[in-house]
Structure formats: structure tokens, C-alpha cells
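Undergrad:
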């Protein structure tokens with residue numbers, strides 16, 4: 069037992085002489101050596117009953133007693149399988165030969181009557197050292213057993229058993245067969261910095277449950293192998309759900325931030341934990357969508373998540389919004405993509421690829437504009453470590469923040485290039501106005517966003533890019549109509565119009581007359 073963090077060993081005093089017991093209580097400084105007298109009795113039979121009740125660490129007993137004497141008490145204790153309780157015998161000098169018989173039973177300490185305090189101090193000092201040594205040995209042995217079991221379970225869950233080797237052949241797993249007939253794997257996700265505290269809380273709960281073992285995972289995740297007391301499927305499922313709720317409460321009491329639990333299927337034999345691990349992984353994917361803190365495989369069995377890669381095209385709209393420079397449009401593009409994800413329920417891995425693709429394309433755009441991708445904000449944590457351990461809302465929030473900050477960096481790079489780009493585009497149009505043109509193609513040629521190019525060109529020249537090109541074409545058509553014998557159709561084709569009606573529309577828009585009328589009009 070512990071008092072104030074200090075271990076106190078429990079003592080039972082046995083003697084048929086009340087004065088002898090009083091002498092032991094008064095003359096010996098028990099607490100000085102870490103011992104506490106918890107009970108006294110007058111014969112061996114009563115001592116056996118008391119020992120079953122509170123399991124003393126040390127029994128100090130007289131040899132000569134009525135009913136069951138000290139030697140009989142020791143023999144009965146050992147016969148019952150108790151090898152841990154220490155015994156000290158008390159006897160007079162004339163009982164020494166009798167005491168030696170007791171020592172052959174493993175009793176290595178005795179006190180002569182009447183008790184001498186100095187002699188008692190020496191005996192208790194040596195006993196405390198023995199008990200502490202036993203505790204250290206037990207801790208080492210238990211630690212080794214736990215480590216062997218964790219290693220065996222980890223190997224089983226990872227599919228690491230040798231071909232042809234039955235998992236039950238592992239001694240550590242074989243012990244589990246005696247703890248429970250059916251087993252389930254329970255996966256736990258936490259914030260990476262909270263995993264240590266959460267794992268300790270899970271270990272304490274596992275110790276209270278008996279047939280339950282916590283399995284190390286790594287930052288952000290770990291698992292538990294839970295043995296079920298119930299044989300029936302319905303009873304077993306209720307047991308799993310009750311355990312998951314207890315586990316969630318224990319974890320929330322110790323760890324901050326998000327906690328997710330995914331319970332697998334109940335399987336026969338410890339070897340079935342490999343299958344339960346796989347079903348828990350399926351349930352774990354549904355944690356990603358944030359509907360509940362606990363997901364049971366029994367609730368999602370048969371449900372599938374979308375594997376359609378077409379959802380990755382939503383990254384195009386996000387990149388367009390980044391280039392466009394409008395924070396509102398960017399927020400809307402990100403929100404639209406993730407609302408679609410909520411409806412489609414895609415594999416978390418696909419959402420991770422989508423987010424990584426958006427981040428990568430921002431870096432490529434930054435480089436194309438002459439910037440350094442290192443100027444962009446740090447890669448979102450949910451992208452860097454993958455969607456495992458995150459939720460859809462986490463990925464959306466982190467990606468939106470990254471894209472908004474990247475948009476500001478890219479806008480600065482675009483501004484540096486803005487002064488010369490419209491002029492370069494105008495020069496290009498003067499040389500190539502006869503060719504088919506689109507604003508998107510021009511934007512790709514000059515590494516700017518189409519919307520940004522159109523806005524900056526209009527500010528510089530007072531007209532749009534396409535109107536600028538039409539002006540160049542109509543000006544050349546006017547020259548051909550006045551200075552050559554070319555017909556209106558020939559002039560239209562010469563300046564790049566493939567459809568005559570389009571030429572006619574643009575000509576009349578600028579001159580207020582048809583080409584034939586212009587050709588006959590007085591030259592001015």
C-alpha cells in the first residue's frame with residue numbers, strides 16, 4: 069500500500085500471548101523501515117483467514133501456538149501457492165531447533181523472545197531490501213512480458229508472421245487465449261502532441277479491464293486489443309460500445325484536442341485481431357468526416373467511400389481563384405470543393421491528394437512568376453502528414469489559409485510584372501492579329517492569370533484585348549479596301565476573319581457603314 073507516495077508494507081502479527089504482541093507493536097519502529105502493522109491474531113487458523121482478506125507482505129508469527137502453530141501456518145500458506153508472503157518467526161532460545169525446521173520451508177529471518185529492538189531493526193532493514201528487490205525483479209519481468217506481448221501483437225497486426233507459422237504459436241499470444249475467447253482491435257487517434265498522455269490513460273483503463281492491452285503506435289495514433297467476456301454477437305457488440313465510451317471519457321479527461329476512436333469487428337481467438345485491425349481501418353476512414361468521435365465497424369459495414377478521381381479537377385478552380393487575386397472568390401472555390409466532398413464522401417486519401425495537388429500548383433505558379441516557392445507559407449500539417457489523424461474540416465481550414473496567403477504572395481509577383489506585360493501583349497498582337505487569338509492562350513504565353521491580364525491591359529490601353537485585336541484588323545481592312553482592288557470578303561479573310569458576318573459586325577461597329585459603302589465613300 070502507498071501513503072503520500074511512499075510504499076508501506078503490510079504486516080500481520082500472530083502470537084497467542086497478548087503481551088508478546090504488545091511488545092512487538094511498542095518496541096519495534098515499524099514505520100521507520102516502511103512497514104505498517106495492519107492486523108493481529110492469536111493462532112494460525114485465524115491468521116490464514118486474515119491473510120486471505122488483505123494479503124500481508126510480512127507475517128511475524130510465534131512458533132508455539134494452539135490449534136495451528138507457526139510452522140503449520142507457513143506450510144499451509146506455501147501449500148496454497150503463496151510464495152510471496154515473507155515470514156519472520158519468533159521463538160525463545162529453547163525453540164531454536166524447531167525454528168531451524170521452519171527455515172527449511174524458506175523462512176530466513178527470526179527474532180528471539182523477548183524482542184530486542186536493535187535485532188528487529190536489522191531484520192526489518194534486510195526484509196525491506198528483499199521486498200524492494202522482489203518488486204524490481206517483478207517490474208522487470210512484467211515489463212519484459214508486456215514488451216513481448218506488444219511486439220507479438222504489432223507483428224500480428226502488421227502481418228509479420230512467417231509463412232506457415234500460426235500466430236497462436238507465439239507464447240505471448242498463446243497467453244491471450246486464456247484471457248478471452250473473442251477479441252477486437254480499437255484504434256485511437258489524437259493530436260500528435262497529446263498522444264503520450266492519451267496512451268497512459270488508455271494503459272490505466274486497460275489494466276482495470278483485465279483482458280485488454282494497449283499497443284504503441286506513434287505520434288497521433290495507437291491501439292488496444294480488447295478481450296470480450298461475451299460470446300454472443302449482440303452481447304459482444306454492446307460490450308465493445310460500452311468500452312469505447314469508457315475509453316473516450318478516460319482520454320478526454322487527460323488529453324486536449326480532437327480524439328477519434330474506431331472499433332473493429334469482434335473475431336475469434338487472438339489471431340483474429342489481424343482481421344479486426346483491418347475492419348477498424350475501414351471504420352477509421354469515416355472518422356475523417358467528423359460526424360462522431362466513435363465509429364464502429366458494425367455501423368459502417370457494407371458502406372463504401374467514393375474512389376472517383378474526377379474530384380481532383382476541383383483544384384483547377386482553386387488555382388484560378390489564387391491567380392485571380394480575389395480573396396472572396398478563392399474562399400468560395402475552396403468551400404465549393406469541400407461541400408462537394410461532404411456530399412460525395414470520397415476516400416480520405418483522395419482528399420489528401422487533392423490538397424497536395426493544390427499546394428504543389430501554387431508553388432509552380434510562384435516559380436513561373438519568377439518567385440521563390442520558399443516565400444509561400446509552410447505546407448499545411450494535414451498535407452504534410454497525410455489525411456490520417458485529421459478530419460475533412462481540418463484539411464479545408466488549413467488549405468484555405470495556405471491558399472489565401474499564397475494568393476497574397478502571387479499577387480505581389482504579378483504586380484512586379486504588371487508594368488511591362490500589357491505592352492508586350494500589345495506588341496505581340498500587332499504582329500499576330502491575323503491569327504486566331506484567345507485571352508487564355510495569351511495569358512499562358514505571358515505567365516499571368518487571364519483575369520489579371522485582361523484587367524491590367526484595359527487599365528493601360530483603355531480597351532479590352534479582343535477589341536484591341538479587332539481594331540488592328542479593321543484598320544488593315546480599311547487600308548486594303550482603299551488602296552487595293554480587294555473585295556470586302558477578300559479583305560476580311562486577309563485580316564484573319566474566317567466568318568464574314570463577324571467581320572461585317574466589327575466593321576460596322578467601328579465605321580457606321582458597310583465595307584462596300586466605305587470603299588465608294590470619298591477619301592478623307
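Numbering (my numbering), first residue to last: 69 to 592.
Note that the Cβ used here is the ideal one computed from N, Cα and C, for glycine as well.
Note that this is a predicted model, so its numbers are computed, not measured.
1. Assuming residue 266 contacts residue 252 (C-beta within less than 8 Å), just tell me the rounded distance between them.
2. Residue 450: buried (16+ other C-beta within 10 angstroms of its C-beta) or exposed?
3. Please state whether DSSP places residue 372 in a helix, a strand or coil.
4. Can you tell me whether DSSP reads residue 142 as helix, strand or coil?
5. Note down, in chain order, each residue of its chain lying with its Cβ closer than 7 Å to the Cβ of residue 437, except the 5 sequence neighbours on either side.
6. Span of the alpha helix (DSSP H) holding residue 184?
7. Are there three or more Cβ pairs, one per stretch, closer than 8 Å when the segment 80 to 90 is compared with the segment 105 to 114?
8. Taking the continuous beta strand (DSSP E) assigned at residue 157, which residues delimit it?
9. With distance defined between alpha-carbon atoms, name the residue in 439, 263, 424, 94 nearest to residue 183.
10. Expressed to the nearest angstrom, what Euclidean distance is found between the alpha-carbon atoms of residue 439 and residue 446?
11. Report the three-state DSSP secondary structure of residue 500 (helix, strand or coil).
12. How is the alpha helix (DSSP H) around residue 514 delimited, first residue to last?
13. Is it right to say residue 474 is buried, meaning 16 or more other beta carbons lie within 10 angstroms of its own, or is it exposed?
14. Under three-state DSSP, which class holds residue 574?
15. Which residue marks the beginning of the beta strand (DSSP E) containing residue 96, and which one marks its end?
16. Considering only the alpha carbon of each residue, which of 312, 133, 262, 264 lies closest to residue 365?
17. Going by DSSP, what residue range makes up the alpha helix (DSSP H) through residue 327?
18. So what's residue 258 in DSSP terms, helix, strand or just coil?
19. What do you reckon, are the CB atoms on residue 262 and residue 324 nearer than 8 Å?
20. Need the endpoints of the alpha helix (DSSP H) that residue 408 sits in, please.
21. Which of the three DSSP states is assigned to residue 356 in this structure?
22. Whole angstroms is fine: what's the gap from residue 608's alpha carbon to residue 154's?
23. What is the residue span of the beta strand (DSSP E) that residue 178 lies within?
24. With which residues is residue 419 paired in a DSSP beta bridge?
25. Does the distance from the C-beta atom of residue 460 to that of residue 358 stay below 8 Å?
26. Have a look at the DSSP bridge pairing and note the partners of residue 364.
27. Exposed or buried, residue 307, counting other C-beta atoms within 10 Å across all chains shown (16 or more means buried)?
28. In terms of DSSP beta bridges, what is residue 78 paired with?
29. Would you list the residues sitting across from residue 336 in a DSSP beta bridge?
30. How far does the alpha helix (DSSP H) with residue 539 in it extend, from its first residue to its last?
31. To the nearest angstrom, how far is it from the Cα of residue 543 to the Cα of residue 502?
32. Whole-angstrom Cβ separation of residue 426 and residue 441, contact assumed at under 8 Å?
33. Could you tell me which uninterrupted beta strand (DSSP E) segments, each at least 3 residues in length, are contained entirely in the segment 284 to 325, listed from first to last along the chain?
34. On the criterion of 16 or more Cβ atoms from any shown chain inside 10 Å, does residue 233 qualify as buried, or is it exposed?
35. Between the Cα of residue 104 and those of 196, 298, 395, 116, spot the shortest distance and give me the residue it belongs to.
36. How many Å lie between residue 117 and residue 106 at the Cα?
TA: This is what the structure holds:
1. Residue numbering aside, residue 266 sits at position 198 when the chain shown is read from its first letter. Residue numbering aside, residue 252 sits at position 184 when the chain shown is read from its first letter. Your pair residue 266 and residue 252 does not check out as a contact, with CB atoms roughly 19 Å apart and the cut at 8 Å.
2. Within the chain shown, numbered from 1, the residue matching residue 450 stands at position 382. By the neighbour-count rule (16 or more Cβ atoms within 10 Å), residue 450 is buried.
3. For this step, residue 372 is matched to residue 304 along the chain shown. DSSP places residue 372 in coil when its eight states are reduced to three.
4. As a working mapping, residue 142 is identified with position 74 in the chain shown. In the structure shown, residue 142 sits in a helix (DSSP, three-state: H, G or I).
5. Taking the chain shown and counting its residues from 1, the one referred to as residue 437 is at position 369. Once the five neighbours on either side are set aside, the close Cβ partners of residue 437 are 478, 481, 482, 485, 515.
6. Residue mapping note: residue 184 aligns to position 116 of the chain shown, counting from 1. Counting along the chain, residue 184 falls outside any alpha helix (DSSP H), and DSSP gives it neither H nor E.
7. Between the segment 80 to 90 and the segment 105 to 114, the count of C-beta pairs closer than 8 Å reaches three or more; the two stretches touch.
8. One-based indexing of the chain shown puts residue 157 at position 89. In the DSSP assignment, residue 157 falls within the beta strand (DSSP E) that extends over 154 to 159.
9. The sequence position of residue 183 within the chain shown is 115, counting from 1. Nearest option by C-alpha distance: 94.
10. In the chain shown, counting from the first residue as 1, residue 439 sits at position 371. In the chain shown, counting from the first residue as 1, residue 446 sits at position 378. CA-CA distance, residue 439 to residue 446, rounds to 15 Å.
11. Position 432 of the chain shown, counted from the first residue, corresponds to residue 500. Assignment of residue 500 by DSSP, reduced to helix, strand and coil, places it in the helix class.
12. For the purposes of this step, residue 514 is taken as residue 446 along the chain shown, with counting starting at 1. Segment: none, residue 514 is in no alpha helix (DSSP H) and carries neither H nor E.
13. Taking the chain shown and counting its residues from 1, the one referred to as residue 474 is at position 406. Per the 10 Å Cβ criterion, buried.
14. In the chain shown, the residue the question calls residue 574 occupies position 506. Helix at residue 574.
15. Indexing the chain shown from 1 puts residue 96 at position 28. Premise fails: residue 96 is in no beta strand (DSSP E) and is neither H nor E.
16. As a working note, residue 365 is residue 297 in the chain shown. For residue 365, the closest of 312, 133, 262, 264 by C-alpha to C-alpha distance is 312.
17. Against the chain shown, residue 327 aligns to sequence position 259. Here residue 327 belongs to no alpha helix (DSSP H); instead the beta strand (DSSP E) covers 327 to 331.
18. Here residue 258 corresponds to residue number 190 of the chain shown, with the count starting at 1. Strand.
19. Translated into the one-based positions of the chain shown, residue 262 becomes position 194. Translated into the one-based positions of the chain shown, residue 324 becomes position 256. Taking the C-beta atoms as reference points, residue 324 is found nearer than 8 Å to residue 262.
20. On the chain shown, position 340 is the one that residue 408 refers to. Element bounds for residue 408: 395 to 412.
21. Position 288 of the chain shown, counting from 1, holds the residue named residue 356. Residue 356 falls in the coil class under three-state DSSP.
22. The shown model of the chain, from 69 to 592, leaves out residue 608, and the question about it has no answer.
23. The count along the chain shown starts at 1 and reaches residue 178 at position 110. It spans 177 to 180 - the beta strand (DSSP E) in which residue 178 sits, taken as one unbroken run.
24. Residue mapping note: residue 419 aligns to position 351 of the chain shown, counting from 1. BP columns for residue 419 are empty, so no partner.
25. In the chain shown, counting from the first residue as 1, residue 460 sits at position 392. In the chain shown, counting from the first residue as 1, residue 358 sits at position 290. Yes.
26. Translated into the one-based positions of the chain shown, residue 364 becomes position 296. Answer by DSSP bridge pairing, in chain order: 331.
27. For this step, residue 307 is matched to residue 239 along the chain shown. So residue 307 counts as buried.
28. Residue 78 sits at position 10 when you count from the first residue of the chain shown. Answer is 104.
29. Within the chain shown, residue 336 is the residue found at index 268, counting from 1. Residue 336 is bridged by DSSP to 250.
30. Position 471 of the chain shown, counted from the first residue, corresponds to residue 539. Run containing residue 539: 533 to 551, per the alpha helix (DSSP H) assignment.
31. On the chain shown, position 475 is the one that residue 543 refers to. On the chain shown, position 434 is the one that residue 502 refers to. Cα-Cα distance, rounded: 12 Å.
32. Within the chain shown, the letter at position 358 stands for residue 426. Within the chain shown, the letter at position 373 stands for residue 441. In this structure residue 426 does not touch residue 441 by the C-beta definition: roughly 14 Å separates them, more than the 8 Å allowed.
33. The segment 284 to 325 contains these whole beta strand (DSSP E) runs: 289 to 296.
34. Position 165 of the chain shown holds residue 233. Interpretation of residue 233 is limited by its pLDDT of 46, a score under 50 that renders its predicted location unreliable; the figure taken from the coordinates is listed afterwards. Counting Cβ neighbours within 10 Å, residue 233 comes out exposed, since fewer than 16 surround it.
35. Within the chain shown, numbered from 1, the residue matching residue 104 stands at position 36. That would be 196, whose Cα lies nearest to the Cα of residue 104.
36. By 1-based counting over the chain shown, the position of residue 117 is 49. By 1-based counting over the chain shown, the position of residue 106 is 38. Spanning the two alpha carbons is a distance of roughly 14 Å.
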